[in-house]
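Have a look at the structure below, then the notes.
Protein chains: 2
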Amino acid sequence: MPPKRKSTTDEEDDEYRRKRDRNNQAVKRSRVKSKMKTEETQQRVNDLRLKNQLLEDKIDNQKKELKFLKELFITQAQAKADKLVGINLNELLQDDDNDDNDEDEGEPSKKRAKEQSKGEGSSKSRSRR
Amino acid sequence: MPPKRKSTTDEEDDEYRRKRDRNNQAVKRSRVKSKMKTEETQQRVNDLRLKNQLLEDKIDNQKKELKFLKELFITQAQAKADKLVGINLNELLQDDDNDDNDEDEGEPSKKRAKEQSKGEGSSKSRSRR
DNA sequence: TCAAATTGCGCAATGC
DNA sequence: AGCATTGCGCAATTTG
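Going down the list, the sequences are from chains U and A.
The numbering of the first sequence is full-length UniProt numbering, which starts it at 1 and goes up by one.
The numbering of the second sequence is full-length UniProt numbering, which starts it at 1 and goes up by one.
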């Protein structure tokens, strides 16, 4: 009596094995993928933190610049009030090279005019009678 | 024939089982922990992205404010300068590009005005004959 | 040296 | 039918 269909069991086993192997491969792929995603996410956190820091720095600089400009405005308004006394704008505006990066967080009124009125009395030659 | 020491094998088995169970528990804890950490990291990415957006918005607002103030200031100073002396304030204030890195994407407002006419004719004073 | 924690791996159930 | 994902247990290794 020859076995009628041994193939049933054997092939089933074979198929099972192959299937298992393939699944094991799939599992491996899936886990590698998962791990990569995790690491990538972690990296993203680092990048975002750095970017965040840069943005905050920029905000700080802009804030300083705004402060400077506002104070400059106040100063100017003050000058307008003092106009009658003879103050001139040179004192307030001649050296604006400080407007560049930072270093302008101080009050602008400190930068005293260098009296660069080359000709003579810059005060509009009022002495001319 | 009394069993000499069945305890050896049996207890070893018992011990093995207990050990396995404890490890299984540990594995479970470890995996829960790991998963939580992953989710937390992902959440951190979301938080950072939101924060980042807020910061960028803030930078944008500040930038607009700066632009406004500078233009206002230039206008005002220009007028005043024309009136009092003739100093060309463009020279002093025109460069509002000192922002930082990627500055204004807006129109550059044609920064030039290198015509520092200090030699003589301030725009006024000619009518006086 | 030991016990808990972590990690790689395979199995099976389940999702798609 | 078949790959992908996930929970679980085993065993080796790491950690404290």
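Just so you know, even glycine gets a beta-carbon here, dropped at the ideal spot from N, CA and C.
Work out the CA separation of residue 16(U) and residue 10(U) for me, nearest whole Å.
10 angstroms
Quick one: using the 10 Å Cβ neighbour count with 16 as the cut-off for buried, is residue 58(U) buried or exposed?
buried
What is the DSSP secondary structure of residue 13(U), reduced to helix, strand or coil?
helix
Using a C-beta cutoff of 7 angstroms, does residue 59(A) count as contacting chain U?
yes
Counting only C-beta atoms, is residue 46(U) closer than 7 angstroms to chain A at any point?
no
If contacts are defined as beta-carbon pairs under 8 angstroms, then residue 32(U) and residue 41(A) qualify, I think. What distance do you get, rounded to the angstrom?
In fact, because the Cβ distance is near 18 angstroms, the residues do not count as touching under 8 angstroms.
Residues of the UniProt domain "BZIP" (13 to 76) of chain U with a CB closer than 8 angstroms to any CB of chain A: list them in chain order, please.
38, 41, 42, 44, 45, 48, 49, 51, 52, 55, 56, 58, 59, 61, 62, 63, 65, 66, 69, 70, 72, 73 and 76
Grab me the residues of residue 102(A)'s own chain with a C-beta within less than 7 angstroms of its C-beta, minus the 5 sequence neighbours each way, in chain order.
Note that residue 102(A) scores a pLDDT of 41, beneath 50, so its modelled location is shaky and nothing firm can be said.
Kindly give me the distance between the Cβ atoms of residue 66(U) and residue 56(A), rounded to whole angstroms, as I take these residues to be in contact under 8 angstroms.
Actually they do not touch by this definition, with Cβ atoms about 17 angstroms apart.
Proximity test, residue 62(A) beta-carbon vs the ligand NAP heavy atom, cut-off 6 angstroms:
Summarising the ligand content, the structure contains no ligands, and the ligand NAP is consequently not present.
With 16 as the cutoff for other CB atoms within 10 Å, does residue 54(A) come out buried or exposed?
exposed
Compute the distance between the beta-carbons of residue 62(U) and residue 76(A), then report whether it is under 7 angstroms.
no
Quick check: the Cα distance between residue 13(U) and residue 25(U), rounded to an integer number of angstroms?
18 angstroms
Given that a residue counts as buried once 16 or more other Cβ atoms are within 10 Å of its Cβ, and exposed if not, what is residue 81(A)?
buried
Residue 49(U) versus residue 18(A) - alpha carbon distance:
45 angstroms
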